[in-house]
């Protein structure tokens, strides 16, 4: 493990970024596995996208399907499943879930952590553009080495960026600042580092700022963080299956 750490650390452009990555690597590989006692809680509850969104919003599935029929072309693959196959990007299921939620809830303010290539951001902004309103605040670490990788969010078209506020830095610092500045939000979407400590911290930080009727969305529910957070809120998460092992979690705020 040590040799792998050293090899990867050399990829980062600054010592600070390499140090932060190493600490997160240890958190992911050592701490998080100790918090995987409720995985069956997620696997036993998985639903398809339309069913999950309908359940979370307490609406008829026909309303969700109506929105999914209108998915933008960039989200539709040759097999008619929404999504794009790009490293570090949203799955087709997360893209479809996000698009449907934005279209149905018509949020004024959405905050997301984790941008990567920008598929989720693009999806949210496109749905907001179709709604005619909305603002997206996105938080992610900067590209670790811009000489080797494209910048964070490079897929987001210029014509949609007027609704977008991209902030680069650690969510541990920037998320509380953004939420305090905004005062309240309608949707929070987690798609940054999927360790137990980071997910739980982000959920607990964002939840008090979500308006009643708003929703928390989490990609990669792969440890006990969502179960533990939702239990303290006395909420039952809706779980949506994905084409990868870890599902999506939705928690509606009453």
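Residue numbers (my numbering): 4 to 257.
We put the CB at the ideal spot given by N, CA and C, even for glycine.
None of these values were measured; they are calculated from a predicted model.
If you reduce the DSSP assignment to three classes, tell me which class residue i lands in.
i	result
residue 116	strand
residue 164	helix
residue 251	strand
residue 187	coil
residue 170	strand
residue 243	strand
residue 32	helix
residue 218	strand
residue 159	coil
residue 37	helix
residue 62	coil
residue 1	Residue 1 cannot be examined here, being either before or after the span of the chain that is shown, 4 to 257.
residue 56	helix
residue 140	strand
residue 238	coil
residue 50	strand
Once you ignore the five residues that flank residue i on each side, which residues in its own chain have a CB closer than 6 Å to its CB?
i	result
residue 244	49, 250
residue 117	143, 194, 195
residue 238	254
residue 31	198
residue 223	197, 249
residue 138	112, 166
residue 126	98, 101, 102
Are the beta-carbon atoms belonging to residue i and residue j less than 8 Å from one another?
i	j	result
residue 1	residue 163	Nothing about residue 1 can be reported from this structure: the residues present for the chain run from 4 to 257 only.
residue 190	residue 113	yes
residue 100	residue 143	no
residue 55	residue 177	no
residue 204	residue 60	no
residue 145	residue 159	no
residue 246	residue 95	yes
residue 214	residue 38	no
residue 102	residue 57	no
residue 133	residue 106	yes
residue 242	residue 212	no
Measure the beta-carbon distance from residue i to residue j and round it to whole angstroms, keeping in mind my assumption that it falls under 8 Å.
i	j	result
residue 193	residue 207	Wrong, their Cβ atoms sit about 11 Å apart, outside the cutoff.
residue 104	residue 220	7 Å
residue 181	residue 140	5 Å
Between residue i and the rest of its own chain, which residues show a CB-CB distance below 7 Å, the 5 nearest in sequence each way excluded?
i	result
residue 53	64, 67, 68, 71
residue 240	229, 233, 252, 253, 254
residue 179	208
residue 41	227, 230
residue 44	230
By the 10 Å Cβ neighbour count, where 16 or more other Cβ atoms means buried, how is residue i classified, buried or exposed?
i	result
residue 197	buried
residue 248	exposed
residue 174	buried
residue 115	buried
residue 93	buried
residue 110	buried
residue 34	exposed
Skipping 5 residues on each side, what residues in its chain have a beta carbon closer than 8 Å to that of residue i?
i	result
residue 157	120, 121
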